[in-house]
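When you line the sequence shown up against the working numbering, it's residues 399 to 602, in that order. Glycine is no exception: its CB is placed at the ideal position from the N, C-alpha and C atoms. Bear in mind that the values here come from a model prediction, so they are computed numbers and not experimental data.
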Amino acid sequence: MLIVSRLTAGYGKLTILHELSLEIQEGQFVAILGPNGSGKSTLLKTIFNLTDVTGGGVEFRNQAVLGRPTEQLAQLGLAYVPQRENVFREMTVRENLLLAVRGASKANARQTMAECLNLFPILEKRQAQKAGKLSGGERQMLAIAMGWLKRPQLMLLDEPSAGLAPLFVAEVFRTLKELCRTGITLAVVEQNARAFCAGVIMPT
Ligand SMILES: Nc1ncnc2c1ncn2[C@@H]1O[C@H](COP(=O)(O)OP(=O)(O)OP(=O)(O)O)[C@@H](O)[C@H]1O
Ligand SMILES: [Mg+2]
Numbered sequence: 399m400l401i402v403s404r405l406t407a408g409y410g411k412l413t414i415l416h417e418l419s420l421e422i423q424e425g426q427f428v429a430i431l432g433p434n435g436s437g438k439s440t441l442l443k444t445i446f447n448l449t450d451v452t453g454g455g456v457e458f459r460n461q462a463v464l465g466r467p468t469e470q471l472a473q474l475g476l477a478y479v480p481q482r483e484n485v486f487r488e489m490t491v492r493e494n495l496l497l498a499v500r501g502a503s504k505a506n507a508r509q510t511m512a513e514c515l516n517l518f519p520i521l522e523k524r525q526a527q528k529a530g531k532l533s534g535g536e537r538q539m540l541a542i543a544m545g546w547l548k549r550p551q552l553m554l555l556d557e558p559s560a561g562l563a564p565l566f567v568a569e570v571f572r573t574l575k576e577l578c579r580t581g582i583t584l585a586v587v588e589q590n591a592r593a594f595c596a597g598v599i600m601p602t
């Protein structure tokens, strides 16, 4: 589904990714592991046109990806949930969610929102709350929900469990597993390999 071949990228003259290659197959739930500073976020940022590429390529379902604006990537079926600053803090939860469904017909948006609150029950009661006032775990759920609302085929998530208490980590992975079951392919940057494996393998 996604083929990264010999990708070389970084920031200006600073090269972070050196001829990186990987493949993600349809339906997979994959983890991208690595120590702090190894370039995991840089990889996702590169796919989303936020770094400087000096070599190699990325294909999503046989279409070249590099250099495309976010809107086009969304149309192709790709969603990205960044590690930081992934919600609009001054807006309410509901406003953030509505922003993610803009462009859909009213009836469609209403149905999608209802489905969303069903998948992310934690957000139901917090709809009127400013996103900046959510707990870390709630905010992460909102960011994931915003990605999901774009109806992606492949979601790239950057450390969705970072800084969360174990109970919330389990909740995030349960939700991600649920998304995978609905047919979305997931690639997750994760330090928490144990929780990831538990989320993937353990029956719930
Ligand atoms: N905007 C930037 N400008 C210059 N260098 C950057 C920039 N962003 C990241 N870097 C550098 O790129 C390297 C890789 O950073 P990156 O954020 O991709 O690592 P990471 O694997 O995601 O780490 P972490 O697990 O801590 O999130 C680091 O050395 C970092 O200092
Ligand atoms: Mg990172």
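- In the structure shown, the three-state DSSP call for T580 is coil.
- If you ignore the 5 residues before and after H416, its C-beta comes within less than 8 Å of the C-beta of T406, all in its own chain and listed in chain order.
- By the C-beta density criterion, A526 is exposed, having fewer than 16 other C-beta atoms within 10 angstroms.
- Inclusion of A541 and L521 in the CB contact set at 8 Å is not warranted, their separation being larger than that value.
- As summarised for the stretch 485–572, the continuous beta strand (DSSP E) elements at least 3 residues long and confined to that stretch are 552–556, given in chain order.
- Counting only heavy atoms of ligand 2, the residues whose C-beta sits closer than 7 Å to one of them are, along the chain, K438, S439, Q481, D556, E557 and V587.
- In terms of Cβ geometry, L554 and A585 form a close pair [threshold 8 Å].
- Checking the DSSP bridge columns, you'll see I422 partnered with L400.
- Around F446, the same chain offers Y478 as residues with beta carbons nearer than 6 Å, after the five sequence neighbours per side are excluded.
- Residue pairing by DSSP leaves E588 without any beta bridge partner.
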